[in-house]
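Enquirer:
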Amino acid sequence: MGNQPLEPVHVHYTSPQTPYGPIVSGGDGLTYCTIRAASVSDGFFMPESRALLSRRLTRTHLSPDRVTRTPRSTLGGLDRAEVDPLFEPGEDGVAAWTVQAPPDADLELPAHLHNGGQFVLVVGGGLDLAGAHVGPLGVAHLSVEEAGRRCRAGRDGVQLVLVQFPRANR
2 MGNQPLEPVH
12 VHYTSPQTPY
22 GPIVSGGDGL
32 TYCTIRAASV
42 SDGFFMPESR
52 ALLSRRLTRT
62 HLSPDRVTRT
72 PRSTLGGLDR
82 AEVDPLFEPG
92 EDGVAAWTVQ
102 APPDADLELP
112 AHLHNGGQFV
122 LVVGGGLDLA
132 GAHVGPLGVA
142 HLSVEEAGRR
152 CRAGRDGVQL
162 VLVQFPRANR
């Protein structure tokens, strides 16, 4: 992303006013997912859209470590759920975690009090959440009220990335 190499699973947070890129793939191509707390109707291409940017830019986060996919056999051998921060919650609530859990484990997803909602990306295994099953590379949204929700790892366990947006300015 820009001049930073991307890993197989990589979390990159920017404030809504921060341009990012260029996104350049290697010979094998690139698949990526952009998740936003609120949508905009148009894309803004640089440098021709520079005048439209807010001059009041906020912080930018890159995860310090790559998220390595955990083999199914390793998930099956876990004794309990493991929650590790990719970056700790800031005052505004921006945060990201990785969660791994053994098969059929009950989980309570982490949440910061001041959050603007969350997205779950299942990296491996599966997750039963709110009556639905989310499989590998599936994404689920949790509203502000649902953040920190209880869920259950699938029959193969689960590895997921949980990203949390900042609370809305009120």
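Under this note's numbering, read the sequence shown as residues 2 to 171, first letter to last.
Glycine included, C-beta positions come from ideal geometry on N, C-alpha and C.
Can you give me the start and stop residues for the alpha helix (DSSP H) that T75 sits inside?
Expert: As a first step, residue 75 is located in the sequence shown; it is residue number 74 there, counting from the start. Looking at the DSSP string, the run of the alpha helix (DSSP H) that includes T75 is 73-77.
Enquirer: Considering A169, what are the terminal residues of the beta strand (DSSP E) in which it resides?
Expert: Residue numbering aside, residue 169 sits at position 168 when the sequence shown is read from its first letter. Looking at the DSSP string, A169 is not in any beta strand (DSSP E), and its letter there is neither H nor E.
Enquirer: Excluding five sequence neighbours on each side, which residues of the same chain lie with their C-beta closer than 6 Å to the C-beta of G136?
Expert: The residue given as residue 136 occupies position 135 in the sequence shown. Excluding residues within five positions, the ones whose Cβ falls inside 6 Å are G127.
Enquirer: Mind checking which residues open and close the beta strand (DSSP E) that includes V100?
Expert: Against the sequence shown, residue 100 aligns to sequence position 99. Per DSSP, V100 belongs to the beta strand (DSSP E) from 96-102.
Enquirer: In the DSSP assignment, find the unbroken beta strand (DSSP E) run with E83 in it and report its ends.
Expert: The residue given as residue 83 occupies position 82 in the sequence shown. Per DSSP, E83 belongs to the beta strand (DSSP E) from 83-88.
Enquirer: Taking the DSSP output, what are the residues bridged to E109?
Expert: On the sequence shown, position 108 is the one that residue 109 refers to. R151.
Enquirer: Classify D1: buried if its beta carbon has 16 or more other beta carbons within 10 angstroms, exposed otherwise.
Expert: Absent from the model: residue 1. The displayed extent of the chain is 2 to 171, so no value can be given.
Enquirer: What are the residues that DSSP puts in a beta bridge with H115?
Expert: Within the sequence shown, residue 115 is the residue found at index 114, counting from 1. H115 is not bridged to any residue.
Enquirer: Is the stretch 25-38 touching the stretch 89-98, taking contact as three or more C-beta pairs under 8 Å?
Expert: Taking 8 Å as the limit for Cβ pairs, the verdict is that the stretch 89-98 does not touch the stretch 25-38.
Enquirer: Residues in its own chain within less than 7 Å of W98 by CB, not counting five upstream and five downstream?
Expert: Residue 98 sits at position 97 when you count from the first residue of the sequence shown. Cβ within range, chain order: V84, D85, P86, L87, P111, L163.
Enquirer: Answer with yes or no whether the minimum CB distance from A133 to chain D is below 8 Å.
Expert: The displayed structure is made up of one protein chain only, and chain D is not part of it.
Enquirer: Can you give me the C-alpha to C-alpha distance between R73 and M47, rounded to a whole angstrom?
Expert: Position 72 of the sequence shown, counting from 1, holds the residue named residue 73. Position 46 of the sequence shown, counting from 1, holds the residue named residue 47. If you take the alpha carbons of R73 and M47, they lie about 41 Å apart.
Enquirer: Give the straight-line distance between the Cα atoms of D129 and S26, rounded to the nearest whole angstrom.
Expert: Translated into positions along the sequence shown, residue 129 becomes position 128. Translated into positions along the sequence shown, residue 26 becomes position 25. Computed Cα separation, rounded: 33 Å.
Enquirer: Only counting the same chain, and skipping five residues up and downstream in sequence, which positions put a Cβ closer than 6 Å to that of A82?
Expert: Residue numbering aside, residue 82 sits at position 81 when the sequence shown is read from its first letter. Contacts found: A102, A106, L108.
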